[in-house]
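All remarks here apply to the structure that follows.
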Amino acid sequence: MNKPVLTMIPVAAVLLLSACGSAPKKVNSLESARTAYLSASKNEVVVKHAAKELDDARNAIAQGDLVWKKEGKGGMAEHYAYVASKKVSIAKLIAQRNEDDARLESMNLERQRVQLEVRSQEVDRARQEALDLQNQLEAMQAQVTARGIVATLSDVLFDIGEASLKSSAMTNMDKIANFMRSYPERQAIVEGHTDNMGDDDFNLDLSRERAFSVQSALVSRGIDASRITTRNLGESMPVADNNTADGRQKNRRVEVIFPDVGTQVSELAE
Amino acid sequence: MYQSSLKISAIVILLASVSACSGTPKPKTEMALSNSALQNAEVAGADKHAPIELRTAQEKQALADSAYSKEKFTTAKQLSEQAAVDAEYAKAKSEAQKSRLAVEEVEESIQLIRTELDRSNDQ
Chain A
1 MNKPVLTMIP VAAVLLLSAC GSAPKKVNSL ESARTAYLSA SKNEVVVKHA
51 AKELDDARNA IAQGDLVWKK EGKGGMAEHY AYVASKKVSI AKLIAQRNED
101 DARLESMNLE RQRVQLEVRS QEVDRARQEA LDLQNQLEAM QAQVTARGIV
151 ATLSDVLFDI GEASLKSSAM TNMDKIANFM RSYPERQAIV EGHTDNMGDD
201 DFNLDLSRER AFSVQSALVS RGIDASRITT RNLGESMPVA DNNTADGRQK
251 NRRVEVIFPD VGTQVSELAE
Chain B
1001 MYQSSLKISA IVILLASVSA CSGTPKPKTE MALSNSALQN AEVAGADKHA
1051 PIELRTAQEK QALADSAYSK EKFTTAKQLS EQAAVDAEYA KAKSEAQKSR
1101 LAVEEVEESI QLIRTELDRS NDQ
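Chains as they are written, first to last, in this note's numbering: chain A, 1 to 270; chain B, 1001 to 1123.
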């Protein structure tokens, strides 16, 4: 950085001394300014945005030429060269700034476009998730209730008066296991229910054993046992009239309940 | 700064050789122009984006004021012309920097969003 400054002073000294004698043919700084000006004036972008500054540069060079020619005054020519080359630099900066501003506009649009893409992807994803859940619920023939998602396994899926599941129940078990695999955050409560006929102890045992059967069936399909709680409610929660055969069959059921995520299993009243 | 004041004194040496003219008009217009150019540069944030260039302009303006007060009008005229162009340069540099920074910021932002988009696409 020191070099150009130190070389200016001896040049200045030369110019001062040569005021009386023959002047050198050219002023270097003026020639540099001229070169810079010519180069910049060929640049369409610079001409487009900074024509005035280029004109100022040209005028300064012309004045420098004049002063040098007429009076051989190096100092004055240097001054005009300085102004001219600064004006050229300014012109280039103005051009750059304008180009960037134009770029900024189109880039802001691009940013908006990409943001929209993200948003629409999110919407698509949410829609797909809702669809997937809907499909799974239909497969399980489950209902959405205040207690959560409820899949009911009817009496006919069990051997009569037994806790064992029929082979026809296997697809039901598959569907429930599938659901639990797809939504790993879900817990299951398996509730055994009976009708009000017959021996109370027998009914309680049966409903409890049936709940265990369902639990085992799910565990054997790879579901973690810790995700399943069993409950035995006997005849305490009928869903149909116990005075008809049809109603009694409806009451003999096992319910698999999936509480809404965030609900504690213990929060659901017995 | 040592270097900028050496540069300035070099120019003053060059100008001194022509200041002996009599009947030189007072460069009031030039002084006013350089003052407003300095103000414009400051408004554009040159103290942040082009501090060195701004400083040069301010120093030359101070020298111009000093020359004016000593009735060295030709020197004052040229110094203030240089101060004006230095200030314009500082302003242009600041404006260019601000625009460039704005572009880079949006570029970065688009990159981030695109990365997020690709990431969630892979899921």
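We put the beta carbon where it would ideally sit given N, CA and C, even for glycine.
Cross-strand partners of residue i (DSSP beta bridge)
i                : result
Q1078 of chain B : Note: Q1078 of chain B sits in no beta bridge, so no partner.
I90 of chain A   : According to DSSP, which records beta bridges pairwise, I90 of chain A is partnered with nothing at all.
V144 of chain A  : A:I149
T229 of chain A  : A:I189
V254 of chain A  : A:L153 and A:G192
F179 of chain A  : Answer is none; F179 of chain A lacks a bridge partner.
G234 of chain A  : A:H193
F158 of chain A  : A:L165
Cβ-based neighbour list, residue i, same chain, cut-off 6 angstroms, excluding 5 preceding and 5 following
i                : result
V282 of chain A  : Chain A is shown from 1 up to 270; residue 282 of chain A falls before or after that span and cannot be answered.
T152 of chain A  : R253 and E255
L1033 of chain B : A1084
E1095 of chain B : A1044
A139 of chain A  : K175
Residue i: contacting residues in chain A (beta-carbon distance under 8 angstroms)
i                : result
D1086 of chain B : K86
E1059 of chain B : Residues of chain A passing the Cβ test: none, with the nearest at roughly 14 angstroms.
E1081 of chain B : H79 and V83
Contact list for residue i against chain B, beta-carbon separation under 8 angstroms
i               : result
V114 of chain A : I1110, I1113, R1114 and L1117
N242 of chain A : Result: empty, since nearest Cβ-Cβ is about 51 angstroms, beyond 8 angstroms.
L104 of chain A : S1099, A1102, V1103 and V1106
I94 of chain A  : A1092, E1095 and A1096
Q271 of chain A : Chain A is shown only over 1 to 270; residue 271 of chain A falls outside these bounds and no answer can be derived.
Distance between residue j and residue i (C-alpha atoms, nearest Å)
i                : j                : result
E53 of chain A   : A91 of chain A   : 5 angstroms
K1028 of chain B : K25 of chain A   : 34 angstroms
R181 of chain A  : I223 of chain A  : 7 angstroms
P259 of chain A  : R227 of chain A  : 12 angstroms
S32 of chain A   : Y1089 of chain B : 18 angstroms
D155 of chain A  : P238 of chain A  : 13 angstroms
E1059 of chain B : A95 of chain A   : 27 angstroms
E162 of chain A  : Q115 of chain A  : 59 angstroms
L1112 of chain B : Q63 of chain A   : 53 angstroms
K3 of chain A    : A102 of chain A  : No answer about K3 of chain A holds up, because its pLDDT of 49 lies below 50 and its placement is not dependable.
L104 of chain A  : E1042 of chain B : 24 angstroms
A1087 of chain B : K1070 of chain B : 24 angstroms
G72 of chain A   : L1063 of chain B : 25 angstroms
R113 of chain A  : T1056 of chain B : 45 angstroms
Cβ of residue i within 9 angstroms of any chain B Cβ
i               : result
M173 of chain A : no
S32 of chain A  : no
C20 of chain A  : In this predicted model, C20 of chain A has a pLDDT of only 49, less than 50, meaning its place in the structure is not dependable enough to derive any value.
V190 of chain A : no
N135 of chain A : no
D101 of chain A : yes
D260 of chain A : no
L218 of chain A : no
V47 of chain A  : no
L66 of chain A  : no
L54 of chain A  : no
M76 of chain A  : yes
E185 of chain A : no
R147 of chain A : no
E110 of chain A : yes
R58 of chain A  : no
R125 of chain A : yes
Q121 of chain A : yes
is_contact[residue i, chain A] using C-beta, thresh 9 angstroms
i                : result
K1093 of chain B : yes
S1034 of chain B : no
A1096 of chain B : yes
S1120 of chain B : yes
Beta-carbon neighbours of residue i, restricted to chain A and to distances below 7 angstroms
i                : result
E1078 of chain B : At residue 1078 of chain B the sequence reads Gln, which differs from the Glu that was named. H79, listed in chain order.
E1107 of chain B : M107
S1066 of chain B : In chain order: nothing, as chain A lies at least about 17 angstroms away.
Where residue i meets chain B, residues with beta-carbon distance less than 7 angstroms
i               : result
S89 of chain A  : Y1089
V118 of chain A : I1113, E1116 and L1117
Cβ neighbours of residue i in the same chain (closer than 8 angstroms, five flanking residues each side left out)
i                : result
A1020 of chain B : With a pLDDT of only 49 at A1020 of chain B, under the threshold of 50, the placement of this residue in the model should not be trusted; the figure read from the coordinates follows. Excluding sequence neighbours, A1020 of chain B sits near nothing in its chain.
Q1097 of chain B : H1049 and A1050
Where residue i meets chain B, residues with beta-carbon distance less than 9 angstroms
i              : result
R97 of chain A : A1092, E1095, A1096, Q1097, K1098, S1099 and R1100
Close-in-space but distant-in-sequence residues of the same chain around residue i (CB under 7 angstroms, 5 per side omitted)
i              : result
N98 of chain A : H49
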